[in-house]
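Please read the structure below before turning to the comments.
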Amino acid sequence: MKHINQALHELETEEQPLHYVLVNEAAMAMAAPKPILLWAPPRSCSTAFERAICEHPDVGVFHEQLADCFYCGPDCKAGAADSAGEALATSKLKKNVTYATQLEEIAVGEEGKRHSFSKELSIYYQRAKIPDSLMGSFKHSILIRKPEKVLRSFWRFASSTSGSTYFNLDEAGFAELDVLSRVITEELGQTLIIVDADDLLANPTGMLRAWCAAVDLAFDSKMLSWEPMQPQSWEKWPGWHADAAGSSGFVTKKHHDDTLELPDNVRHKIEECQPIYERLYAQRLAAM
3 MKHINQALHE
13 LETEEQPLHY
23 VLVNEAAMAM
33 AAPKPILLWA
43 PPRSCSTAFE
53 RAICEHPDVG
63 VFHEQLADCF
73 YCGPDCKAGA
83 ADSAGEALAT
93 SKLKKNVTYA
103 TQLEEIAVGE
113 EGKRHSFSKE
123 LSIYYQRAKI
133 PDSLMGSFKH
143 SILIRKPEKV
153 LRSFWRFASS
163 TSGSTYFNLD
173 EAGFAELDVL
183 SRVITEELGQ
193 TLIIVDADDL
203 LANPTGMLRA
213 WCAAVDLAFD
223 SKMLSWEPMQ
233 PQSWEKWPGW
243 HADAAGSSGF
253 VTKKHHDDTL
263 ELPDNVRHKI
273 EECQPIYERL
283 YAQRLAAM
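First residue of the sequence shown: 3, per the numbering used here; consecutive thereafter.
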């Protein structure tokens, strides 16, 4: 309210009617769109989604802002840093930030851009550290992918020559998506905005149009293709975004091990996550 009071004082001295000031301040507030958060499990095509949004001329894009405070600093989740181990050691996370400061950066946005967007992994959500009042300052959307595809990709990456062997089934992200979806609807009163990764890959134009309409962002065809490159913010997790960095659009990739038997613990986790995925899948957006 400080800026409103200041404006009132300044305009009162110019003998402007108070209702004029209040109406114009209200109009300015209504005109400012809420910053957008996309919550997703790991290995769900979320970085490719983010790369598409980078091409929108009116959107300032942030990358996993909440990773820094989830793993490091006063708001970190107990034990998260220890379990991340080697992946954290090679990361470029900021060490002393909080959820409040990281979310504030997204809210402030990028100069010259009307909209602000950040892709966040669902595991970063800690309800005790992000009050509903703060969550309500953002427009929330969710990206989902079949648990088998999420965890097979996670397991494949850790088993490859990528340079990282990090694999943690506690970071599948579906339990957090379950909580998030209920907070979004029951506590924030927002409509669920859910995109399924398979739908996105099959029909990028239709799904991006639907998502843009749902988050009150004008669709721009520039989001459908891009030059291969790695934004500086992706250096936060070296090596983890190589596929997205080398891409030029949404493409379904085939892997030689897509049909290989997964370890028992991975299969059990898939079974545990499947009902959550199915509940969210039933509420997903249709292509436009």
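Glycine included, each C-beta is placed from N, C-alpha and C at the ideal position. Being a predicted model, the structure only gives us computed values, none of them experimental.
- Contacts around residue 306, its chain only, beta-carbon distance under 7 Å, and the 5 residues preceding and following it disregarded: The structure shown does not extend to residue 306, since the chain is modelled only from 3 through 290, so no value can be given for it.
Can you find the residues in the same chain that come closer than 7 Å, C-beta to C-beta, to residue 138, ignoring five residues on each side of it along the sequence?
Cβ within range, chain order: 190.
* Check whether the segment 221-235 touches the segment 183-198, taking contact to mean three or more Cβ pairs, one atom from each stretch, closer than 8 Å. => No: fewer than three Cβ pairs fall under 8 Å.
key: Pair within 8 Å by beta-carbon distance, residue 39 and residue 107   = No.
What residues in its chain sit with their C-beta under 8 Å from that of residue 286, if we drop five residues either side in the sequence? Within the same chain, residue 286 has close Cβ partners 146, 196, 197, 198, 201.
According to DSSP, which residues form a beta bridge with residue 141? Bridge partners of residue 141: 38.
Subject >> Collapsed DSSP secondary structure at residue 120 in the structure displayed >> reply: Residue 120: strand per DSSP, three-state reduction.
* Asked: What does a CB cutoff of less than 6 Å around residue 77 pick up in its chain, not counting 5 residues either side in sequence?
  -> Taken in chain order, the residues that qualify are 71, 100, 101, 131.
In terms of residue numbering, what span does the beta strand (DSSP E) encompassing residue 197 cover? Boundaries of the beta strand (DSSP E) around residue 197: 196-198.
### Message
Restricting to Cα atoms, I'd like to know which of 42, 216, 83, 82 is closest to residue 65.
### Response
Among 42, 216, 83, 82, the Cα nearest to that of residue 65 is on 42.
Legend entry - C-beta contact flag for residue 215 and residue 289 at 8 Å: Contact: no.
- Query: When DSSP labels each residue in this structure, what does residue 227 get in the three-state scheme?
  - Reply: DSSP, read as helix, strand or coil, puts residue 227 in strand.
Paired residues, beta bridge with residue 64 - DSSP: Beta-bridge pairing links residue 64 to 120.
Exercise. Which class does residue 125 belong to by DSSP, given the choice of helix, strand or coil?
Worked result: If DSSP states are grouped into helix, strand and coil, residue 125 belongs with the helices.
| request: Can you have a look at residue 113 and say buried or exposed, based on whether 16 or more other CB atoms are within 10 angstroms of its CB? | output: Label assigned to residue 113: exposed.
Quiz item: Looking at C-alpha atoms only, which residue of 127, 115, 116 is the closest neighbour of residue 82?
Solution: When only C-alpha atoms are compared, the closest one is 127.
| request: Determine which residues share a DSSP beta bridge with residue 75 and list them. | output: Per the DSSP secondary-structure output, residue 75 pairs with nothing in a beta bridge.
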